[in-house]
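Q: Dropping the structure in here first, questions after.
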Amino acid sequence: MDACRRRSTRAFRGGCDVFSSVSSRSSRQLITLLRDRLVVLVFHFRHFLQFPNLTTEISTDISICVPFSSADDMKLLRGITTLGLLATGCLASSQNDDLNYAIGLVNQARHAQGLQPLSWDPNLAAYAQFWANEMARGQQPFAHATGQYRPNQGENLYDRASGQCDSAYENPVQTAMRAWLAEASLYNGQPITTGHEPWLHWSQCMWSTTTHIGCARAYSISEAYKVYDVCRFTPEGNV
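Residues in the sequence shown are numbered from 1427 upward in steps of one, following my numbering.
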């Protein structure tokens, strides 16, 4: 491993593959190895799109360890990396990075109002991931979950079709959280009367008795660049 440098690129959402050390392989063998692994990589990607409910989002890092003994090796790596990006589409942040930043945003907003920060709840995140996957697969409409799918949980939903690879597509939970928090400008101290007030996402984020949050994202399998975001909260707010 000392003869290698580790290069990492985020090439797609929903699958990962780790290449073995190839310090003793010729360039021709290296090309064959990486080509074969790329085929496996694209298969994993297609499998994730077809069966997104079987797993939560997987790490997006692809680590390649190759000998950089010549300029040709560097060109080879750049070429293989480009092939991977072309085969799989947009770059996307890892879900953990996206979620961590989003939770930081809501807790920063709560701190500004003198409220306690929300704690991450993996159980809530699992519920959120399931519902996001269901909407992304077209198994459920874009609507709040009910009954067993949302037991005593508050819920914020967000969907967006960006139409291109942009920051909103690459970091969708952050995008959703910013949109929800921006609803603060619509609130003037009025009570909840209809349950359809335009600031209810914000008020759920800021509900004083809410203590825990869990969020997830899922990319549509039928519409390009569309993302579904779900956050769940306990105790439930807006009640």
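The beta carbon of each residue, even a glycine, is placed where N, CA and C say it ideally should be.
Jot down the residue ranges of each uninterrupted alpha helix (DSSP H) in the region 1580-1622, minimum 4 residues, whole runs only, in chain order.
A: Runs found: 1593-1596, 1598-1608.
Q: Report the option in Ala1594, Tyr1595, Leu1583 whose CA atom is closest to the CA atom of His1627.
A: The shortest C-alpha separation from His1627 is found at Leu1583.
Q: Give the C-beta separation of Met1561 and Tyr1645 to the nearest angstrom, bearing in mind that I take them to be a contact with Cβ-Cβ under 8 Å.
A: 11 Å between Cβ atoms; not a contact.
Q: Terminal residues of the continuous beta strand (DSSP E) containing Val1665?
A: Element bounds for Val1665: n/a, residue is neither H nor E.
Q: So what's Gly1556 in DSSP terms, helix, strand or just coil?
A: Note that residue 1556 is Phe in the sequence shown here, rather than Gly. Helix, per DSSP.
Q: Return the bridge partner residues of Ser1545 from the DSSP annotation.
A: Bridge partners of Ser1545: His1638.
Q: For Arg1563, which of helix, strand or coil comes out of DSSP?
A: Three-state result, Arg1563: coil.
Q: Evaluate the contact criterion for the region 1571-1587 versus the region 1601-1617: three or more CB pairs, one atom per stretch, below 8 Å.
A: The region 1571-1587, when compared against the region 1601-1617, does touch it at the 8 Å Cβ threshold.
Q: For Pro1661, count the other beta carbons within 10 Å of its own beta carbon; 16 or more makes it buried, fewer makes it exposed. Which is it?
A: By the neighbour-count rule (16 or more Cβ atoms within 10 Å), Pro1661 is not buried but exposed.
Q: Would Ala1535 and Met1632 be called neighbours here (beta carbons separated by less than 8 Å)?
A: Going by C-beta atoms, Ala1535 is nearer than 8 Å to Met1632.
Q: What three-state label does DSSP hand Tyr1651 in the structure shown?
A: Correct three-state label for Tyr1651: coil.
Q: Can the beta-carbon of Val1599 be found less than 8 Å from the beta-carbon of Ala1538?
A: No, Cβ-Cβ distance for Val1599 and Ala1538 is not below 8 Å.
Q: Does DSSP put Ala1551 in a helix, in a strand, or in coil?
A: Looking at Ala1551 - three-state DSSP - the assignment turns out to be helix.
Q: Please state the DSSP three-state secondary structure of Arg1576.
A: Three-state DSSP puts Arg1576 in coil, outside helix and strand.
Q: Going by beta carbon distance, what residues of the same chain come within less than 6 Å of Ser1629, once the five residues before and after it are set aside?
A: The answer, listed in chain order, is Asn1664.
Q: If we ignore side chains and look at the alpha-carbon of each, how far apart do Leu1509 and Arg1563 end up?
A: Confidence at Leu1509 is low in this model, with a pLDDT of 37, below 50, so its placement is unreliable and no value can be given for it.
Q: If you drop the 5 nearest sequence neighbours on each side, which residues of the same chain put their C-beta closer than 8 Å to that of Asn1578?
A: The residues are Thr1660, Pro1661, Glu1662.
Q: Which whole-angstrom value describes the C-beta separation of Trp1546 and Ile1639, a residue pair presumed to lie in contact below a C-beta threshold of 8 Å?
A: Rounded, the Cβ-Cβ distance is 7 Å, consistent with contact.
Q: Whose C-beta lies closer than 7 Å to the C-beta of Ser1588 among residues of the same chain, with five residues either side of it excluded?
A: Correct list, in chain order: Ala1594, Tyr1595, Tyr1651.
Q: Tell me where the alpha helix (DSSP H) around Gln1534 begins and ends.
A: From DSSP, the alpha helix (DSSP H) with Gln1534 extends over 1521-1538.
Q: Return the CA-CA distance between Thr1636 and Asn1533, expressed in angstroms with no decimal places.
A: Using only the alpha carbons, I get a separation of about 12 Å.
Q: In chain order, what residues of the same chain lie with their CB nearer than 7 Å to the CB of Ala1571, ignoring the 5 residues before and after it?
A: If we look at Ala1571 and ignore the five residues flanking it on each side, its Cβ neighbours are Trp1557, Glu1581.
Q: How would you write the range of the alpha helix (DSSP H) that Ser1629 sits in, first residue to last?
A: Residues 1626-1632.
Q: Closest to Cys1657 by CA distance: which of Gln1542, Pro1548, Thr1619, Gly1540 is it?
A: Residue Pro1548 is the option with its Cα nearest to Cys1657.
Q: When you compare each of Cys1591, Asn1597, Gly1615 to Ser1520 by their alpha carbons, which one comes out closest?
A: For Ser1520, the nearest C-alpha among the options comes from Asn1597.
Q: Quick check on the burial criterion: 16 or more other C-beta atoms within 10 angstroms. Buried or exposed for Ala1554?
A: When all chains shown are included, Ala1554 counts as buried.
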